[in-house]
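First the structure, in the form of structure tokens, and then the observations on it.
Protein chains: 2
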Amino acid sequence: MKQDIAFIQREELKAKPEPVSLGFGNYYTDYMFVMDYHIDSGWHDPRIVPYEPITLDPAAMVFHYGQAIFEGLKAYKTADGTIQLFRPEKNMNRLNESCARLCIPQIDEQLLLNAIKQLVSIEKDWIPEGEGMSLYIRPFILATEPHLGVRPSHQYKLLVILSPSGAYYGSQLSPVKIHVEEHYVRAVIGGVGHVKTSGNYAASLKAQEEAEEKGYAQILWLDAKENKYVEEVGSMNIFFKINGEVVTPKLNGSILPGVTRDSVIQLLKHWEVPVREARISIEDIFAAHERGELEEVFGSGTAAVISPVGELNWNGKSIVINEQQIGQLSQRIYDAITGIQLGKVEDPFDWTVKVDRVESVL
Amino acid sequence: MKQDIAFIQREELKAKPEPVSLGFGNYYTDYMFVMDYHIDSGWHDPRIVPYEPITLDPAAMVFHYGQAIFEGLKAYKTADGTIQLFRPEKNMNRLNESCARLCIPQIDEQLLLNAIKQLVSIEKDWIPEGEGMSLYIRPFILATEPHLGVRPSHQYKLLVILSPSGAYYGSQLSPVKIHVEEHYVRAVIGGVGHVKTSGNYAASLKAQEEAEEKGYAQILWLDAKENKYVEEVGSMNIFFKINGEVVTPKLNGSILPGVTRDSVIQLLKHWEVPVREARISIEDIFAAHERGELEEVFGSGTAAVISPVGELNWNGKSIVINEQQIGQLSQRIYDAITGIQLGKVEDPFDWTVKVDRVESVL
Ligand SMILES: Cc1ncc(COP(=O)(O)O)c(C=O)c1O
Ligand SMILES: Cc1ncc(COP(=O)(O)O)c(C=O)c1O
Numbered sequence: 062m063k064q065d066i067a068f069i070q071r072e073e074l075k076a077k078p079e080p081v082s083l084g085f086g087n088y089y090t091d092y093m094f095v096m097d098y099h100i101d102s103g104w105h106d107p108r109i110v111p112y113e114p115i116t117l118d119p120a121a122m123v124f125h126y127g128q129a130i131f132e133g134l135k136a137y138k139t140a141d142g143t144i145q146l147f148r149p150e151k152n153m154n155r156l157n158e159s160c161a162r163l164c165i166p167q168i169d170e171q172l173l174l175n176a177i178k179q180l181v182s183i184e185k186d187w188i189p190e191g192e193g194m195s196l197y198i199r200p201f202i203l204a205t206e207p208h209l210g211v212r213p214s215h216q217y218k219l220l221v222i223l224s225p226s227g228a229y230y231g232s233q234l235s236p237v238k239i240h241v242e243e244h245y246v247r248a249v250i251g252g253v254g255h256v257k258t259s260g261n262y263a264a265s266l267k268a269q270e271e272a273e274e275k276g277y278a279q280i281l282w283l284d285a286k287e288n289k290y291v292e293e294v295g296s297m298n299i300f301f302k303i304n305g306e307v308v309t310p311k312l313n314g315s316i317l318p319g320v321t322r323d324s325v326i327q328l329l330k331h332w333e334v335p336v337r338e339a340r341i342s343i344e345d346i347f348a349a350h351e352r353g354e355l356e357e358v359f360g361s362g363t364a365a366v367i368s369p370v371g372e373l374n375w376n377g378k379s380i381v382i383n384e385q386q387i388g389q390l391s392q393r394i395y396d397a398i399t400g401i402q403l404g405k406v407e408d409p410f411d412w413t414v415k416v417d418r419v420e421s422v423l
Numbered sequence: 062m063k064q065d066i067a068f069i070q071r072e073e074l075k076a077k078p079e080p081v082s083l084g085f086g087n088y089y090t091d092y093m094f095v096m097d098y099h100i101d102s103g104w105h106d107p108r109i110v111p112y113e114p115i116t117l118d119p120a121a122m123v124f125h126y127g128q129a130i131f132e133g134l135k136a137y138k139t140a141d142g143t144i145q146l147f148r149p150e151k152n153m154n155r156l157n158e159s160c161a162r163l164c165i166p167q168i169d170e171q172l173l174l175n176a177i178k179q180l181v182s183i184e185k186d187w188i189p190e191g192e193g194m195s196l197y198i199r200p201f202i203l204a205t206e207p208h209l210g211v212r213p214s215h216q217y218k219l220l221v222i223l224s225p226s227g228a229y230y231g232s233q234l235s236p237v238k239i240h241v242e243e244h245y246v247r248a249v250i251g252g253v254g255h256v257k258t259s260g261n262y263a264a265s266l267k268a269q270e271e272a273e274e275k276g277y278a279q280i281l282w283l284d285a286k287e288n289k290y291v292e293e294v295g296s297m298n299i300f301f302k303i304n305g306e307v308v309t310p311k312l313n314g315s316i317l318p319g320v321t322r323d324s325v326i327q328l329l330k331h332w333e334v335p336v337r338e339a340r341i342s343i344e345d346i347f348a349a350h351e352r353g354e355l356e357e358v359f360g361s362g363t364a365a366v367i368s369p370v371g372e373l374n375w376n377g378k379s380i381v382i383n384e385q386q387i388g389q390l391s392q393r394i395y396d397a398i399t400g401i402q403l404g405k406v407e408d409p410f411d412w413t414v415k416v417d418r419v420e421s422v423l
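Top to bottom, those sequences are chains A and B.
For any residue, its number in my numbering is found by taking its place in the first sequence, counting from 1, and adding 61.
For any residue, its number in my numbering is found by taking its place in the second sequence, counting from 1, and adding 61.
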């Protein structure tokens with residue numbers, strides 16, 4: 062089904078913030094993409110409209126039963142002014158995985174990707190230029206039907222909003238201190254941890270808050286069944302370099318399959334650096350450190366790309382990794398991925414997708 | 062802090078639906094209670110206003126990170142026209158438990174209970190009279206701050222909406238067929254299953270949908286760690302009568318502490334019927350049936366009060382309980398609790414709370 066995307070222009074554009082003051086997720090651009098779903102008519106009325114508040118009945122199901130999913134990707138501006146996305150089809154695909162798990166009707170991935178390209182093209186002047194800067198793209202779906210019985214909603218709204226962003230974790234590539242959580246749990250096999258649904262993040266806030274009080278920037282989650290195996294960080298997957306080999310937790314149904322995670326694995330294989338997806342116990346990580354074999358630890362995610370870990374705290378014990386310095390391999394991966402994203406180095410994997418200027422719509 | 066509740070009257074009242082067509086959660090009354098929170102000013106501006114849509118920024122955190130909690134209780138009209146609530150302080154208390162787990166600022170329980178009484182009093186003509194009918198009360202809180210970084214919101218909205226309701230599960234006290242879920246999981250210890258947050262319900266939809274396709278009305282959840290121990294039903298706690306003794310799963314941190322559950326336990330103790338909270342494996346339930354000792358099974362919850370279970374399906378095997386008939390004890394508990402709620406029988410526990418007519422506010 063081919064659907065044209067309508068465009069409603071706004072009278073006046075907003076003033077753009079100074080790049081230095083951006084932070085993450087504080088500013089939104091002039092326009093957003095919206096599309097509605099009704100059980101009788103399917104997804105319909107795709108449109109780019111001025112960024113504005115949305116109005117919902119107080120009984121809208123999203124407020125009560127949490128049917129809400131989202132994605133996160135970025136648009137980058139290269140030195141020659143080209144605008145590009147990084148593996149956006151992976152995000153479209155994951156959005157539909159989230160839909161399936163949360164009983165939300167599937168979306169047309171091609172239509173949504175086109176809509177994102179058009180929206181980004183219209184908002185091209187909002188893409189900040191500079192190290193670690195980008196235009197963050199947030200597609201999300203929420204249940205809008207007013208109904209208080211527990212069942213899948215019959216109405217939904219899909220939106221895409223854009224937020225010009227500096228680096229997610231403040232200063233880039235400075236190693237973070239991470240607390241390994243033993244009491245709280247993020248997700249369990251059979252649950253919804255492998256998809257991007259809002260409840261996963263709500264469930265993580267308390268542990269995050271307590272870790273911050275103890276001086277840690279992030280949580281490393283363990284598996285829910287045995288409190289033993291490493292899963293992932295707040296909004297990053299995790300990698301360990303042990304004695305020359307890189308290991309990362311195997312996707313098991315409770316870990317989010319990160320786009321950056323997949324890119325790191327492909328890069329390492331391309332470079333012929335040994336890499337393995339496995340079940341990894343936190344004891345083994347601490348034992349590797351004990352033996353002097355834990356060389357690097359880093360998180361991977363769209364927000365920070367690569368985030369080196371300088372300290373791990375578990376079970377009352379802290380270990381310092383690589384003298385709190387950025388590891389060589391971490392730096393190499395960061396440079397490679399951001400290089401591809403910013404068009405500074407060759408893209409042997411065809412990961413980037415160019416956004417053509419959409420003059421017609423304006 | 063004593064705060065006065067403002068009242069904004071609407072011009073015209075809605076037409077009230079026919080009692081027979083009510084169903085559950087389909088109609089909302091003329092007014093709602095609203096209160097706002099800002100990190101700088103705390104909870105403020107409590108007010109009763111016309112029921113109307115709420116307007117939120119698309120970046121409002123509830124849509125993205127699921128900070129949303131709720132409660133459910135009911136107002137009943139007795140034969141002499143008295144309006145009463147059932148143990149509402151338990152719901153206020155549980156709301157604050159949910160707040161604490163989800164990093165939402167605590168509310169003033171007394172203020173909220175007063176607000177509910179005022180609202181119900183204003184809407185007294187919306188309370189349907191008749192078997193199984195009541196005015197459902199839904200307090201809920203959502204994160205309203207526009208922000209895309211994962212952290213607790215700095216702004217919230219608390220609302221109370223009212224919905225005149227027939228029986229939740231259609232015809233009252235007809236035994237339901239329940240599927241014991243082996244693949245999907247609702248909650249795990251260390252997670253948020255013991256509080257009423259929206260994500261728990263979103264996570265349950267898929268299993269519920271698949272069970273319905275197989276002809277079952279509800280899911281019985283097992284524990285997430287071993288897939289072995291009985292937890293609860295979709296929105297009910299569960300009780301088994303085995304050889305004269307009533308057992309129900311012990312509150313373990315992943316089960317919701319139901320107000321009805323607590324009332325059933327107190328009633329049974331009062332009647333000197335043996336009752337025990339324990340870890341119960343599903344094997345043991347099926348074994349008790351095998352021995353001919355599984356006498357009754359029923360769910361307990363605000364919506365249906367008592368919901369007899371006529372069939373349990375687990376691991377490819379179905380067992381029929383009490384010949385698909387309502388058990389004697391189930392019926393006795395149902396009659397006792399609904400009798401107290403409707404003021405038909407004495408209330409030895411002081412469970413009911415009268416709502417005084419608030420004439421002044423009108
Ligand atoms: C829970 C979680 N894990 C991992 C990631 C990393 O995924 P990606 O590399 O696709 O950004 C994210 C962020 O999207 C996340 O929210
Ligand atoms: C998950 C869950 N369990 C149990 C219950 C029963 O609790 P209550 O008796 O307080 O209604 C509910 C309903 O509130 C529920 O949502």
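Just so you know, even glycine gets a beta-carbon here, dropped at the ideal spot from N, CA and C.
Check                                                                                                                               : Outcome
Candidates A/LEU74, A/TYR89, A/MET96, of which the one nearest A/ALA67 by Cα                                                        : A/MET96
For A/GLN179 and A/SER421, the rounded distance between their alpha carbons                                                         : Unreliable positioning characterises A/SER421 in this predicted model, as indicated by a pLDDT of 48, which lies under 50. A coordinate reading is not provided.
Continuous beta strand (DSSP E) stretch holding A/VAL320: start and end                                                             : Premise fails: A/VAL320 lies in the alpha helix (DSSP H), 320-331, not in any beta strand (DSSP E).
Beta strand (DSSP E) segment containing B/GLY353, residue limits                                                                    : Segment: none, B/GLY353 is in no beta strand (DSSP E) and carries neither H nor E.
Cβ shell of B/LYS75 (< 7 Å), same chain only, five flanking positions each side left out                                            : ASP91
Partners in chain A for B/GLY276, counting only beta-carbon separations shorter than 8 Å                                            : By Cβ distance, chain A contributes nothing, its closest Cβ being about 16 Å from B/GLY276, past 8 Å.
Interface flag, B/ASP118 vs chain A, CB-CB below 8 Å                                                                                : yes
Residue-level contact to chain B via CB, A/GLN128, 8 Å cutoff                                                                       : yes
Own chain partners of A/MET62 with C-beta closer than 6 Å, once the 5 adjacent residues on each side are dropped                    : Only weak support is given to the placement of A/MET62: the predicted model assigns it a pLDDT of 45, under 50, and the question is left unresolved by the model.
Contacts around B/HIS215, its chain only, beta-carbon distance under 6 Å, and the 5 residues preceding and following it disregarded : ILE100, GLU206
Residue environment, A/SER195, which counts as buried when at least 16 other CB atoms sit within 10 Å                               : buried
Proximity below 8 Å, CB of B/ALA264 to CB of B/ALA204                                                                               : no
Candidates A/ARG340, A/TRP375, A/GLU384: closest to A/GLU357 by CA position                                                         : A/GLU384
Residues near B/GLU306 in its chain [Cβ-Cβ closer than 6 Å; skip 5 each side]                                                       : PRO335
Near-chain B residues of the stretch 182-214 of chain A - C-beta to any C-beta below 8 Å                                            : TYR197, ARG199, PHE201, LEU203, PRO207, HIS208, LEU209, GLY210, VAL211, ARG212, PRO213
Among A/VAL291, A/HIS244, A/ASP417, A/PRO107, the one whose alpha carbon lies nearest that of A/GLU271                              : A/HIS244
Heavy atom of ligand 4 within 7 Å of B/THR321 beta-carbon                                                                           : As presented, the structure is devoid of ligand 4, carrying ligand 1 and ligand 2 as its sole ligands.
When A/TYR126, A/VAL325, A/ASP345, A/LYS289 are compared against A/TYR395, the one with the closest alpha-carbon                    : A/VAL325
Of the listed residues B/ASP417, B/LYS330, B/THR321, B/MET297, nearest to B/GLY360 (C-alpha basis)                                  : B/MET297
Bounding residues of the beta strand (DSSP E) (the contiguous stretch that carries A/ALA272)                                        : Run containing A/ALA272: none in the beta strand (DSSP E); it sits in the alpha helix (DSSP H), 259-274.
Delimiting residues of the alpha helix (DSSP H) encompassing B/VAL123                                                               : 122-126
N- and C-terminal bounds of the alpha helix (DSSP H) containing B/LEU429                                                            : Nothing about residue 429 of chain B can be reported from this structure: the residues present for chain B run from 62 to 423 only.
Contact with chain B by A/HIS153, beta-carbon distance below 8 Å                                                                    : The identity of residue 153 of chain A in the sequence shown is Met, whereas the question assumes His. Answer no: the Cβ-Cβ gap between A/MET153 and chain B never drops below 8 Å.
Coarse secondary structure for A/ILE100, derived from DSSP in three states                                                          : coil
Of the listed residues B/THR258, B/PHE347, B/GLY276, nearest to B/GLU158 (C-alpha basis)                                            : B/THR258
Any non-hydrogen atom of ligand 2 within 7 Å of B/ASN304 CB                                                                         : no
Cα-Cα separation between A/LEU423 and A/TRP187, rounded to whole angstroms                                                          : With a pLDDT of only 43 at A/LEU423, under the threshold of 50, the placement of this residue in the model should not be trusted, and no figure is reported.
C-beta neighbour in chain B for A/LEU423, strict 8 Å                                                                                : Its pLDDT being 43, under 50, A/LEU423 is placed unreliably in this model, and the value from its coordinates should be taken loosely. A/LEU423 does not count as touching chain B.
Chain B contact residues for A/GLU270, given Cβ-Cβ distances below 9 Å                                                              : CYS164, ARG212, PRO213
Residues that B/ALA264 contacts on chain A, provided the C-beta gap is smaller than 7 Å                                             : GLY252, VAL253, GLY260
beta-carbon B/SER214 near ligand 1 non-hydrogen atom, thresh 7 Å                                                                    : no
Buried/exposed call for A/LYS218, threshold 16 Cβ in 10 Å                                                                           : buried
Anticipated Cβ contact below 8 Å, A/LYS311 with A/GLU344, distance rounded                                                          : Not really, about 17 Å apart at Cβ, beyond 8 Å.
Any non-hydrogen atom of ligand 1 within 7 Å of A/THR57 CB                                                                          : Since the first residue of chain A shown is 62 and the last is 423, residue 57 of chain A is not available in this structure.
A/LYS257: CB within 7 Å of a non-hydrogen atom of ligand 1                                                                          : yes
Within chain B, partners of A/VAL370 - CB distance below 7 Å                                                                        : Result: empty, since nearest Cβ-Cβ is about 18 Å, beyond 7 Å.
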